[in-house]
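Undergrad: Below is one structure. I have some questions about it.
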Amino acid sequence: MQARPTEIKIRLPDDFNGDRKKTRTFYLATQLYMMANKHIYDTDEKKITFFISFLKEGTAGPWAEAEMTKAFTNDQGFGTWEAFTTRFLNAFTEADTAGDARAKLRVLRQTATADEYIAEFR
1 MQARPTEIKI RLPDDFNGDR KKTRTFYLAT QLYMMANKHI YDTDEKKITF
51 FISFLKEGTA GPWAEAEMTK AFTNDQGFGT WEAFTTRFLN AFTEADTAGD
101 ARAKLRVLRQ TATADEYIAE FR
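Going by UniProt numbering, the first residue of the sequence shown is number 1, and it counts up by one from there.
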């Protein structure tokens, strides 16, 4: 009998509720977790199943339910990881990230350290 691989214990991503300001953080946290455990999340289906399990509340919940309904009634399932993440990012990324950054720069006044500004605008 072969031993089941164990997951490397790092912090799980927080549940995602659809807040567009938290999309990038959530996406990167899930990527990091799956990268650390690539011996377990080694197929598109496993990656998507893991990812979608954190989409429970707010606008993310109904979006995940719609994705699952399509997958369960479709011979192709969820499709590829790349296609799934593209759909996710299209649904939850702020519409005009570059425009938002320009607007923030126009009203920017130095009230913090340079390092804090660099972190904010990354």
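Using N, Cα and C, we set each Cβ at its ideal position, and we do this for glycine too.
Rounded to whole angstroms, what's the CA-CA distance from threonine 111 to arginine 102? Just pull it up for me.
TA: Answer to the nearest angstrom: the Cα atoms are 18 angstroms apart.
Undergrad: Helix, strand or coil for phenylalanine 16 per DSSP?
TA: Residue state, collapsed to three classes: strand.
Undergrad: Less than 8 angstroms between the CB atoms is what I'm expecting for tryptophan 63 and alanine 95, so what's the real figure, rounded?
TA: With a Cβ gap of about 16 angstroms, tryptophan 63 and alanine 95 do not count as contacting.
Undergrad: CB-CB under 6 angstroms to threonine 80, same chain, minus the five flanking residues each way: which ones, in chain order?
TA: Contacts found: Asp44.
Undergrad: Whole angstroms are fine: how far does the CA of tyrosine 33 sit from the CA of leucine 12?
TA: Spanning the two alpha carbons is a distance of roughly 7 angstroms.
Undergrad: For leucine 89, list the residues DSSP reports as bridge partners.
TA: Paired residues: none, contrary to the question.
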